[in-house]
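Asks:
Numbering (UniProt numbering), first residue to last: 1 to 258.
1) Under a Cβ-count criterion, where at least 16 other Cβ atoms within 10 Å of its own Cβ denotes burial, should residue 258 be classed as buried or exposed?
2) Count the other CB atoms, across all protein chains shown, that sit within 10 Å of the CB of residue 238; report buried if there are 16 or more and exposed otherwise.
3) Which term fits residue 207, buried or exposed, when burial requires 16 or more other beta carbons within 10 angstroms of its beta carbon?
4) So, is residue 87 buried or exposed, given that buried needs 16 or more other C-beta atoms within 10 angstroms?
5) Per the contact definition of three or more C-beta pairs closer than 8 Å, is the region 38-48 in contact with the region 186-198?
6) Going by Cα to Cα distance, which pick from 195, 196 and 173 is closest to residue 186?
7) Is the CB-CB distance between residue 56 and residue 93 below 9 Å?
8) For a test of the three-state rule: what should DSSP assign to residue 3, helix, strand or coil?
9) Give me the residue from 112, 62 and 229 with the minimum Cα distance to residue 19.
10) Is the beta carbon of residue 132 less than 9 Å from the beta carbon of residue 109?
11) Quick one: what does DSSP say residue 69 is sitting in, helix, strand or coil?
12) Any contact of the region 161-171 with the region 215-223, i.e. 3+ C-beta pairs under 8 Å?
13) If you draw a straight line from the alpha carbon of residue 200 to that of residue 175, how long is it in whole angstroms?
14) Taking only runs of the alpha helix (DSSP H) that begin and end inside the region 143-171, which ones reach a length of at least 4 residues, in chain order?
15) Count the other CB atoms, across all protein chains shown, that sit within 10 Å of the CB of residue 184; report buried if there are 16 or more and exposed otherwise.
16) Nearest CA to the CA of residue 24: which residue from 11, 34, 35 and 75?
17) Please state whether the Cβ-Cβ distance between residue 59 and residue 249 is less than 9 Å.
18) Report the partner residues of residue 198 according to the DSSP bridge assignment.
19) Do residue 78 and residue 119 count as a contact pair if the criterion is CB distance below 9 Å?
20) Can you look up residue 82 in the DSSP assignment and give me helix, strand or coil?
21) Short check: CB of residue 124 to CB of residue 106, under 9 Å?
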């Protein structure tokens, strides 16, 4: 991101107020959101927000966009009530939505007219959409909500399909790739296979959402065995997601305000 004089930081909290005032009216503000919650016996609670932050930061720092794009500090807490039986720092739905509403409101008052939320936790997916729906009704601007796995439809070379599971091979491999400081490559994965299958995975046909009380407790808190995960297996996912996010941000940059 550049101005006529010098490059500006791509991180919102590294800008001065004068720099914000200079670019906000034309810039895109991207807000990464995640969660702090259990990821089985072997992965850290930071998994979701760390992965999301790394992917968004790489996408913005290496992208070539038609307007300035700025990354806000990551919201590391989300809606994780279903993981409280093990360990989580969860915001209830109304609280999480209120936080997003206030962050968007603050951005608009500070001069931004284009705000995009990029999410890294499944439990947040419906709430981020509601947040931008409310924002579009309350503020002048254009707003977007996207879970990072929805930025792509295929992953060339990906061994695990398109983003399956929780705390299994996919997440472990991607975390080792983008944040190797959080998951040592010599980690001995002891989780094994989950104890059972959640009703939400079985479903009832069609696109119906089926949830059963204590499903996560019944499985043990993960969906597949992370044994055999590697940073190398995470690379196709990192490459595809970063490119997909850049495509989505590029398209968002082109949307007129009115």
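Yeah, the Cβ is synthetic: ideal placement off N, Cα and C, and Gly gets one too.
Replies: Let me spell this out:
1) Note on residue 258: under 16 other CB atoms within 10 angstroms of its CB, so exposed under the neighbour-count rule.
2) By the 10 Å Cβ count, residue 238 comes out buried.
3) Counting of Cβ neighbours within 10 angstroms places residue 207 among the exposed residues, the total staying below 16.
4) Exposed, because fewer than 16 other Cβ atoms sit within 10 Å of the Cβ of residue 87.
5) Judged by pairs of C-beta atoms under 8 Å, the region 186-198 touches the region 38-48, as three or more such pairs exist.
6) Out of 195, 196 and 173, 173 has the C-alpha closest to the C-alpha of residue 186.
7) Not closer than 9 Å, so no.
8) Caution is warranted here: a pLDDT of 46 is assigned to residue 3, below 50, making its placement in the model unreliable, and the coordinate value is therefore given only provisionally. Residue 3: coil per DSSP, three-state reduction.
9) Of the candidates 112, 62 and 229, the one whose C-alpha sits nearest the C-alpha of residue 19 is 112.
10) Between residue 132 and residue 109, the C-beta spacing is not below 9 Å.
11) In the structure shown, residue 69 falls within a strand segment according to DSSP collapsed to helix, strand and coil.
12) By the Cβ test, the region 161-171 is in contact with the region 215-223, since at least three Cβ pairs between them sit closer than 8 Å.
13) C-alpha separation (whole angstroms): 25 Å.
14) Counting only runs of 4 or more, we get nothing.
15) When all chains shown are included, residue 184 counts as exposed.
16) Out of 11, 34, 35 and 75, 11 has the C-alpha closest to the C-alpha of residue 24.
17) Contact flag set, yes.
18) Beta-bridge annotation (DSSP): residue 198 is not paired with any residue.
19) Result yes, Cβ atoms of residue 119 and residue 78 sit closer than 9 Å.
20) Helix at residue 82.
21) No.
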